[in-house]
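Adding 284 to a residue's 1-based position in the sequence shown gives its number in the numbering used here.
Data first, discussion second: the structure below is written as structure tokens.
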Amino acid sequence: MKFAFAFSTVLVLAACSSGPKPPDWQVEAKGSMERSVAAYMEGNSRVEAAELARTRSQLSRTGRPDLLATAELLRCASRVASLVFETCAGFESLRADATPAQRAYADYLRGQAQAESIALLPPAQRAAAAGDAGALAGIADPLSQLLAASVLLQTGRASPSVIALAIDTASAQGWRRPLLAWLGVQLQRAEQSGDAPEAARLRRRMAIVQGPDAAVKQFRKEEK
């Protein structure tokens, strides 16, 4: 799977050595963080935890809290993109030594971006922070796009088209965890509007994502 890593590249690697050959810890940290986020999005919590532990171990060798803070923010970003809205505890323990851009990003993940700090966010997230749902389709990085959609949902600005785009993005990447979360949002709206056929279709699709056994169970349930 091709995994875009724009946020980490900008905020981690740009802050590290710029020589022709990066140090081993930098290469290891980048690879482990990529694998950790990918595993989480795919629904593999065991691999995610193991790779995150490797990332933290490599970054701690530098003695730089800002690098650890970036890793924690990326971990939390993957959760927000999957509609898991919780305090980013790993970052908060490092907030005092984080950069202004990192603190702005942490607030953004909570749907609490401050107007004066929007300029500090990665370019792909600035429009969403300002409430501009129309800019979502122009975000090239899948994770950044899902994240922007999630923030719009948190702040009550996610239209049906935003939800549909998030579903298409997660589906195209094969990201089981956010796909199920976004399908769940669409299902809830279908149920609330009384659209029984659409709700049934979404349940079948969610069952397929969950695996063959769940799909068979759902189809048999509908046959009764």
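Glycine included, each C-beta is placed from N, C-alpha and C at the ideal position.
Buried versus exposed, by CB contacts within 10 Å (16 or more), residue i
{"i": "Gln396", "result": "exposed"}
{"i": "Ser434", "result": "buried"}
{"i": "Pro426", "result": "buried"}
{"i": "Pro349", "result": "buried"}
{"i": "Gln409", "result": "buried"}
{"i": "Gln476", "result": "exposed"}
{"i": "Ala413", "result": "buried"}
{"i": "Val443", "result": "A quick correction: the sequence has Ser, not Val, at residue 443. Burial call: exposed."}
{"i": "Arg489", "result": "buried"}
{"i": "Ser366", "result": "buried"}
{"i": "Ala421", "result": "exposed"}
{"i": "Ala333", "result": "exposed"}
{"i": "Ala432", "result": "buried"}
{"i": "Ser480", "result": "Sequence check: residue 480 is Ala here, not Ser. Per the 10 Å Cβ criterion, exposed."}
Proximity of residue i and residue j at Cβ, strictly below 7 angstroms
{"i": "Pro462", "j": "Ala456", "result": "no"}
{"i": "Ile447", "j": "Gln429", "result": "no"}
{"i": "Ala491", "j": "Ala483", "result": "no"}
{"i": "Leu449", "j": "Val493", "result": "no"}
{"i": "Ala382", "j": "Ala353", "result": "yes"}
Anticipated Cβ contact below 8 angstroms, residue i with residue j, distance rounded
{"i": "Arg441", "j": "Ala417", "result": "6 angstroms"}
{"i": "Trp459", "j": "Met325", "result": "4 angstroms"}
Of the residues the options, the one placed nearest residue i, counting alpha carbons only
{"i": "Pro406", "options": "Val368, Leu449, Ser443 and Leu357", "result": "Leu357"}
{"i": "Leu336", "options": "Arg348, Gly347, Gly327 and Gly315", "result": "Gly315"}
{"i": "Glu318", "options": "Ala390, Arg348 and Val331", "result": "Val331"}
{"i": "Leu436", "options": "Phe369, Arg487, Arg348 and Gly478", "result": "Phe369"}
{"i": "Cys372", "options": "Tyr389, Val321 and Pro384", "result": "Tyr389"}
{"i": "Ala313", "options": "Asn328, Pro306, Arg338 and Ala334", "result": "Arg338"}
{"i": "Tyr392", "options": "Gln438, Gly347, Ala322 and Lys305", "result": "Gln438"}
{"i": "Ala355", "options": "Pro444, Asn328, Arg489 and Val321", "result": "Val321"}
{"i": "Leu486", "options": "Asp452, Gly468 and Ala432", "result": "Gly468"}
{"i": "Gln310", "options": "Ala323, Leu351, Asn328 and Ser329", "result": "Leu351"}
Closer than 7 angstroms to chain D by CB, residue i
{"i": "Glu376", "result": "In the structure shown, chain D does not exist; there is a single protein chain."}
Review point. Counting pairs of Cβ atoms below 8 angstroms between the segment 399-411 and the segment 364-378, do you hit three or more?
Key: no
**Study point:** the segment 360-368 in contact with the segment 333-348 per 3-pair CB rule at 8 angstroms
**Key:** no
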